[in-house]
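Working notes, beginning with the structure itself.
Protein chains: 2
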Amino acid sequence: MKTLKVNLDRKTNHSYEIHIGEEILDRMGMILARNGWAGRYIMITDNRIDALHGDRVKSALEKCDLRVDRIAVEHGEASKVIGTVLAVTEKLTALGADRQTALVALGGGVIGDLAGFVASIYMRGIPVIQIPTTLLAQADSSIGGKNGVDTPSGKNLLGTFYQPKGVFIDIAFLRTLPDESFRSGLAEVIKYGAIESPELLDDLETAAAAGALREVSFLERIVTAACRIKKGIVELDERELGLRRILNFGHTVGHAVEAASGYTLSHGESVAIGMVAAATLAERLHYLPADDRRRIVSVIRAAGLPDRIPGNLDLDSIRSRIARDKKKEGEIVHFVLLKKLGTPFVNGGVPAELVKETLEGLRQ
Amino acid sequence: MKTLKVNLDRKTNHSYEIHIGEEILDRMGMILARNGWAGRYIMITDNRIDALHGDRVKSALEKCDLRVDRIAVEHGEASKVIGTVLAVTEKLTALGADRQTALVALGGGVIGDLAGFVASIYMRGIPVIQIPTTLLAQADSSIGGKNGVDTPSGKNLLGTFYQPKGVFIDIAFLRTLPDESFRSGLAEVIKYGAIESPELLDDLETAAAAGALREVSFLERIVTAACRIKKGIVELDERELGLRRILNFGHTVGHAVEAASGYTLSHGESVAIGMVAAATLAERLHYLPADDRRRIVSVIRAAGLPDRIPGNLDLDSIRSRIARDKKKEGEIVHFVLLKKLGTPFVNGGVPAELVKETLEGLRQ
Numbered sequence: 001m002k003t004l005k006v007n008l009d010r011k012t013n014h015s016y017e018i019h020i021g022e023e024i025l026d027r028m029g030m031i032l033a034r035n036g037w038a039g040r041y042i043m044i045t046d047n048r049i050d051a052l053h054g055d056r057v058k059s060a061l062e063k064c065d066l067r068v069d070r071i072a073v074e075h076g077e078a079s080k081v082i083g084t085v086l087a088v089t090e091k092l093t094a095l096g097a098d099r100q101t102a103l104v105a106l107g108g109g110v111i112g113d114l115a116g117f118v119a120s121i122y123m124r125g126i127p128v129i130q131i132p133t134t135l136l137a138q139a140d141s142s143i144g145g146k147n148g149v150d151t152p153s154g155k156n157l158l159g160t161f162y163q164p165k166g167v168f169i170d171i172a173f174l175r176t177l178p179d180e181s182f183r184s185g186l187a188e189v190i191k192y193g194a195i196e197s198p199e200l201l202d203d204l205e206t207a208a209a210a211g212a213l214r215e216v217s218f219l220e221r222i223v224t225a226a227c228r229i230k231k232g233i234v235e236l237d238e239r240e241l242g243l244r245r246i247l248n249f250g251h252t253v254g255h256a257v258e259a260a261s262g263y264t265l266s267h268g269e270s271v272a273i274g275m276v277a278a279a280t281l282a283e284r285l286h287y288l289p290a291d292d293r294r295r296i297v298s299v300i301r302a303a304g305l306p307d308r309i310p311g312n313l314d315l316d317s318i319r320s321r322i323a324r325d326k327k328k329e330g331e332i333v334h335f336v337l338l339k340k341l342g343t344p345f346v347n348g349g350v351p352a353e354l355v356k357e358t359l360e361g362l363r364q
Numbered sequence: 365m366k367t368l369k370v371n372l373d374r375k376t377n378h379s380y381e382i383h384i385g386e387e388i389l390d391r392m393g394m395i396l397a398r399n400g401w402a403g404r405y406i407m408i409t410d411n412r413i414d415a416l417h418g419d420r421v422k423s424a425l426e427k428c429d430l431r432v433d434r435i436a437v438e439h440g441e442a443s444k445v446i447g448t449v450l451a452v453t454e455k456l457t458a459l460g461a462d463r464q465t466a467l468v469a470l471g472g473g474v475i476g477d478l479a480g481f482v483a484s485i486y487m488r489g490i491p492v493i494q495i496p497t498t499l500l501a502q503a504d505s506s507i508g509g510k511n512g513v514d515t516p517s518g519k520n521l522l523g524t525f526y527q528p529k530g531v532f533i534d535i536a537f538l539r540t541l542p543d544e545s546f547r548s549g550l551a552e553v554i555k556y557g558a559i560e561s562p563e564l565l566d567d568l569e570t571a572a573a574a575g576a577l578r579e580v581s582f583l584e585r586i587v588t589a590a591c592r593i594k595k596g597i598v599e600l601d602e603r604e605l606g607l608r609r610i611l612n613f614g615h616t617v618g619h620a621v622e623a624a625s626g627y628t629l630s631h632g633e634s635v636a637i638g639m640v641a642a643a644t645l646a647e648r649l650h651y652l653p654a655d656d657r658r659r660i661v662s663v664i665r666a667a668g669l670p671d672r673i674p675g676n677l678d679l680d681s682i683r684s685r686i687a688r689d690k691k692k693e694g695e696i697v698h699f700v701l702l703k704k705l706g707t708p709f710v711n712g713g714v715p716a717e718l719v720k721e722t723l724e725g726l727r728q
């Protein structure tokens, strides 16, 4: 038997910049024109965002002599499915998109995931630029290249790690963001506070008390803080082999609650409940001081997010969904817990009985 | 406007080994067991290969205490489509496949592409091991990580570059390979001879004259030579940004002829015709000596492959398909031509009239 080695160990060149500010679309156009990532651009957006911001983004790019086309899908989670991936693919070919075409994801987490995934598999990969328009996407999901879509047999079952060429975060988009979506984004910001930066929680509580959660300077500050934390984690563990798992704080129970509610609870509401569950588990296992757990609960309330499991949800359904969580490996369910605020760790051995008691205790 | 940089420039670890020999399945089992790439393995194969070799491969792995399941799709090109990707995905979830699962692609180019693509997007990427069973897959498509499937709007429209963990080439599989498929593989071997190693053409002609094209020692020699050439090219240009394009020698006209025939011509037959067309173009443009062009034609004939376009094919249809070739960028069609045997180059400016005349001249 002969053995040949294919030597592909080399330096990759996947670095990119996150630009954050208010009304930065014109500067974005200039940056795209200067970098020449593609000969033409196709915006992927949803009908709601398109009506609000589509023309403005398109003309900001056209002012810089960039060719822009546009594909709009239905607004909402129902578009984050493999069927939409195929529909967008058909539209891309109809527009004659080739390897010299870049996608521009204009929208929230659904659009970012959809466009990121399509870009990663269309003709074996074309560039994608992220323009997140929701707080959740600006503070979290537009950074780090993780994407995914649902299939009939699972949430986020198909996806890739695929880094964008650049991320442009215009805080001005948040003006038109509905309250529920805004609160959903705050849940992820609280997550970053809990796992890395308790000062972020101070900032959030102060703003909430002053009724200033929607002020631009505050938003720019928390988005920048969240992006800085996330980028640091992604730099160390791009493909979620270890450290990056701490970003799932609140998500193990959160995903299960979200699914058990039939998606009537938003992602942010579910993650808020999941963070309280994780903090409670951590306290019961004698890791997290009670004060830290209470602190998390109080910030969640200040943000207008739920800290209890709605009484109409079936706890057995939540528990069986936790066991099936796609982050399970073999039979072990990984929980991200805290030793104190800002100090997360992954615990693979939480007793099932304790999970059960904790969920029961959190029921409304 | 603030700018944060996400620093992802780092060393990747994508190297892998190609093992080539006769009856190497037992050694493969030991290598997999030793490397521990996954906690369990799921074989992706087609019904024809499964009937011939499925049990043998499965038991070779089980002898080494590896857990093996199996998914078989229909034999043939019709399985290299996005619909099969989704069907396989459903079966993987039904089998409980998670991130600790690796796929084993057992089959020809269709299975390698299908399993490679599924592995690259299932739960954002799980390991894949390639066990190519056809000459085409052994000498060419199982190496280099390029995969793709068809959608209603295009051939290979969706795909990724995704490297396997290892490639195991057992020459013994070629014993059961039908003649047409065998000749199809020879076309790719001739391609490697034409672009890099004229000695490979000598070897092939000698074996053909001696009626020894199916002898194991000859096959092991040409497969190893082709793998060595391909690995060298892939090492320099994993993502086909430049050099790797020379692997498309014969494929621009080849793909067009294949499609225009309604896929009644095999890939290898089409590439053979495409190589004659490229050589003829190169000669007419005063790059390639006439002797070298005649040499290519004579090896193609010796291998039992066609060197003329069948009279029933529509030349206009072939020409318009060349213009739409997915490798076009903007309006330029890239042809891989030769300066002499072993010296390929990419020419973007072949006059349309010359292409037309060449195709007419090659008509039967």
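As you go down the protein sequences, you meet chains A and B in turn.
If you read the first sequence in this note's numbering, its first letter stands for residue 1, the second for the next number, and so on.
If you read the second sequence in this note's numbering, its first letter stands for residue 365, the second for the next number, and so on.
We put the beta carbon where it would ideally sit given N, CA and C, even for glycine.
As the structure is a computational prediction, the values presented were derived from the model and not from experiment.
Review point. Residues in the segment 232-251 of chain A with C-beta within 7 Å of chain B's C-beta atoms, listed in sequence order?
Key: Val234, Glu235 and Glu238
Check your understanding: Whose Cβ in chain B lies nearer than 9 Å to the Cβ of Phe161 (chain A)?
Key -> Arg488 and Gly489
Exercise for review: May I ask you to list, following chain order, the residues of the segment 20-37 of chain A that have a beta carbon less than 8 Å from some beta carbon of chain B?
Suggested key: Ile20, Gly21, Ile24 and Arg27
Check your understanding: How would you write the range of the beta strand (DSSP E) that Lys422 (chain B) sits in, first residue to last?
Key -> Premise fails: Lys422 (chain B) lies in the alpha helix (DSSP H), Asp419 to Glu426, not in any beta strand (DSSP E).
Point to revise | Where Ala258 (chain A) falls: helix, strand or coil (DSSP) | key: The displayed chain sequence assigns Glu, not Ala, to residue 258 (chain A). In the structure shown, Glu258 (chain A) sits in a helix (DSSP, three-state: H, G or I).
Practice item. Tell me, please, which residues DSSP counts as bridged to Asp433 (chain B). Key: B:Ile406
Check your understanding: When DSSP builds the beta bridges, which residues end up paired with Tyr122 (chain A)?
Key -> B:Leu522
**Study point:** Nearest neighbour of Ile111 (chain A), chosen from A:Lys80, A:Val333, A:Leu341 and A:Ala272 [CA to CA]
**Key:** A:Lys80
Exercise for review: In the DSSP assignment, find the unbroken beta strand (DSSP E) run with Val714 (chain B) in it and report its ends.
Suggested key: Looking at the DSSP string, Val714 (chain B) is not in any beta strand (DSSP E), and its letter there is neither H nor E.
Exercise for review: Please say whether His334 (chain A) and Val350 (chain A) have beta carbons closer to each other than 7 Å?
Suggested key: no
Exercise for review: Determine the chain B residues that contact His75 (chain A) at a beta-carbon separation under 7 Å, and present them in chain order.
Suggested key: The contacting residues do not exist; His75 (chain A) stays about 24 Å from chain B at best.
Check your understanding: Is the distance from the Cβ of Glu560 (chain B) to the Cβ of Ile593 (chain B) below 7 Å?
Key -> yes
Exercise for review: Compute the Euclidean distance between the alpha carbons of Gly512 (chain B) and Val167 (chain A), then round it to the nearest angstrom.
Suggested key: 28 Å
Practice item. Report yes or no: do the segment 248-265 of chain A and the segment 385-397 of chain B share at least 3 C-beta pairs separated by less than 8 Å? Key: no
Point to revise | Exposed unless 16 or more other CB atoms sit within 10 angstroms - verdict on Ile375 (chain B) | key: Strictly speaking, residue 375 (chain B) in this sequence is Lys, with Ile absent from that position. Looking at its Cβ environment, which holds fewer than 16 other Cβ atoms inside 10 Å, Lys375 (chain B) is exposed.
Exercise for review: Taking C-beta pairs closer than 8 Å, name the residues in chain B that Asp9 (chain A) reaches, listed in chain order.
Suggested key: Lys375, Thr376, Asn377, His378 and Ser379
Review point. What number of angstroms, rounded off, separates the C-alpha of Glu441 (chain B) from the C-alpha of Pro528 (chain B)?
Key: 21 Å
**Study point:** Beta-carbon gap between Glu22 (chain A) and Val223 (chain A) smaller than 7 Å
**Key:** no
Check your understanding: Looking only at DSSP bridge pairs, what is Ile593 (chain B) linked to?
Key -> DSSP lists no partner for Ile593 (chain B).
**Study point:** Lys455 (chain B) - DSSP class collapsed to helix/strand/coil
**Key:** helix
Practice item. Sort B:Ile395, B:Ala654, B:Ala574 and B:Ile554 by Cα distance to Ile637 (chain B) and report the nearest one. Key: B:Ile554
Review point. Do Leu359 (chain A) and Ala278 (chain A) have their C-beta atoms closer together than 7 Å?
Key: no
Exercise for review: Using a Cβ-Cβ cut-off of less than 7 Å, give me the residues of the segment 527-559 of chain B that come near chain A, in sequence order.
Suggested key: Gln527
**Study point:** Own chain residues within Cβ distance below 6 Å of Leu236 (chain A), not counting five before or after
**Key:** Leu243
Point to revise | Proximity to Arg34 (chain A) [Cα-Cα], best of A:Glu199, A:Val85, A:Leu66 and A:Arg295 | key: A:Leu66
Review point. Between which two residues does the alpha helix (DSSP H) containing Asp316 (chain A) stretch?
Key: Leu315 to Arg324
Practice item. Less than 8 Å between the CB atoms is what I'm expecting for Ala620 (chain B) and Ile686 (chain B), so what's the real figure, rounded? Key: 5 Å
Point to revise | Three-state secondary structure assigned by DSSP to Pro562 (chain B) | key: helix
**Study point:** Contacts of Glu90 (chain A) in chain B (Cβ-Cβ under 9 Å)
**Key:** Thr515, Pro516 and Ser517
Exercise for review: Give a yes or no on whether the minimum CB-CB distance between Gly6 (chain A) and chain B is below 7 Å.
Suggested key: In the sequence under discussion, the amino acid at residue 6 (chain A) is Val, which differs from the Gly named in the question. Judged by the 7 Å Cβ criterion, Val6 (chain A) is in contact with chain B.
Point to revise | Cβ separation of Ile408 (chain B) and Ile507 (chain B), assumed to be a contact under 8 Å, to the nearest whole Å | key: About 18 Å; that fails the 8 Å criterion.
Practice item. Identify the contact partners of Gly148 (chain A) in chain B, using a Cβ-Cβ distance below 7 Å as the criterion. Key: Arg488
Exercise for review: Go to Arg631 (chain B), then tell me how far its alpha helix (DSSP H) extends in each direction, as first and last residue.
Suggested key: The question names Arg, yet the displayed sequence has His at residue 631 (chain B). Here the alpha helix (DSSP H) through His631 (chain B) covers His631 to Arg648.
Point to revise | Simplified DSSP state of His19 (chain A), which is helix, strand or coil | key: strand
Practice item. Express the C-alpha separation of Asp179 (chain A) and Glu205 (chain A) in angstroms, rounding to a whole number. Key: 17 Å
Review point. Which two residues bound the contiguous beta strand (DSSP E) that contains Asp170 (chain A)?
Key: Gly166 to Asp170
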